[in-house]
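Structure record follows, encoded as structure tokens.
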Amino acid sequence: MVMICHPYEFIFLKTRKTAGTSIEMYLEPLCTPDGHEVVEKTHTMISKRGIVGRRLIPPADWTEDDRKWYNHMPARNIAALTGEDMFYGYRKVISVRNPFDRMVSAFAWAKSDKAKDLDFSQIKRRFRKFMQHKGKKTDRKIVTYQSKHVADFAVRYEHLHDDLKMLKTKLGLPGDLPPLPTTKSTSSMRKSYPVADYYDPDTIDIVHKDMAWVFENYDYPDKPT
71 MVMICHPYEF IFLKTRKTAG TSIEMYLEPL CTPDGHEVVE KTHTMISKRG
121 IVGRRLIPPA DWTEDDRKWY NHMPARNIAA LTGEDMFYGY RKVISVRNPF
171 DRMVSAFAWA KSDKAKDLDF SQIKRRFRKF MQHKGKKTDR KIVTYQSKHV
221 ADFAVRYEHL HDDLKMLKTK LGLPGDLPPL PTTKSTSSMR KSYPVADYYD
271 PDTIDIVHKD MAWVFENYDY PDKPT
């Protein structure tokens, strides 16, 4: 989803497989009226304090606002609705993750049910096919506007709690936010094999090309570990 907070003037751009749902639920009280209950499934909420886009609502139940404000929304669509003054004036927050780990997590999320009875050599072949698919999501459009990377602050998946503390300081957020919620548990397939074992030279090269925006802007190793 996308999340906009007027009191603290930030926009949260949600990337995939980077603890984005947990982070947005953690920040949601800042964007909603006092007394609002944060739940994982929600329609779009618009108030004087901000905007919380829809989360986990099936298409048949979408409202008009749900169609405007939604998860993994491209930066250009957000700017079109907010206007460039707000889009550029508010600080943009994203979450990032080691690209090699992130791609394995995306594969496990999409394919774990179909791969649960396969041996690892078969899983690895499916991973290679997944990586070669041109339609897989790389999040570049979420974080890029007018050909520029727009994030002002990134919460790293590997350093969630430390980076959220730093974010609170940078944005001047209150100290009494609720604990970071846990959502969308990782599949057993993702936990069973080391990330590096999924890769070969060709799939490593694909990650470098598809996730170049992460390597260019954040200090992640250029090989899986």
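Take 71 as the starting number for the sequence shown in the working numbering and just add one per residue.
Ideal Cβ positions, reconstructed from N, Cα and C, are used throughout, including at glycine.
Please read these numbers as outputs of a predicted model, since none were measured by experiment.
| Check | Outcome |
| --- | --- |
| Proximity below 8 Å, CB of Trp313 to CB of His219 | Only positions 71 to 295 of the chain appear in the structure, and residue 313 is not among them; the question remains open. |
| For Leu126: DSSP bridge partner residues | For Leu126, which the question treats as bridged, DSSP gives no partner whatsoever. |
| Cβ-Cβ separation, Tyr140 to Arg124 (assumed contact under 8 Å), whole Å | 5 Å |
| Endpoints, alpha helix (DSSP H) assigned at Ala145 | Ala145 to Thr152 |
| Counted within 10 angstroms of its Cβ, other Cβ atoms place Ala150 as buried (16 or more) or exposed | exposed |
| Reduced DSSP secondary structure (H/G/I, E/B, other) of Leu188 | coil |
| Beta-carbon proximity list for Asp272, same chain, < 6 Å, skipping 5 on both sides | none |
| Collapsed DSSP secondary structure at Ser262 in the structure displayed | helix |
| Lys84 burial status per 10 Å Cβ neighbour count (16 or more: buried) | buried |
| DSSP three-state assignment for Gly159, whether helix, strand or coil | helix |
| Check whether Pro248 and Pro99 have beta carbons under 8 Å apart | yes |
| Contact under 8 Å by Cβ, Gly94 with Met73 | According to the sequence as given, residue 94 is Glu; it is not Gly. Yes, they are a contact pair. |
| Inter-residue Cα distance where the pair is Asp292 and Glu228 | 16 Å |
| Terminal residues of the beta strand (DSSP E) in which Val72 lies | Val72 to Cys75 |
| Residue range of the unbroken alpha helix (DSSP H) whose run includes Val284 | Ala282 to Asn287 |
| Contact the segment 235-247 vs the segment 260-268: 3+ CB pairs below 8 Å | no |
| Pair within 8 Å by beta-carbon distance, Tyr268 and Val174 | yes |
| Between the CA atoms of Ala221 and Pro244 - distance to the nearest angstrom | 22 Å |
| Nearest-angstrom Cα separation, counted from Thr252 out to Tyr96 | 10 Å |
| Assigned secondary structure, Val225 (DSSP; H/G/I helix, E/B strand, else coil) | strand |
| Selected residue, minimal CA-CA separation from Ala176, among Ile193, Thr152 and Lys206 | Lys206 |
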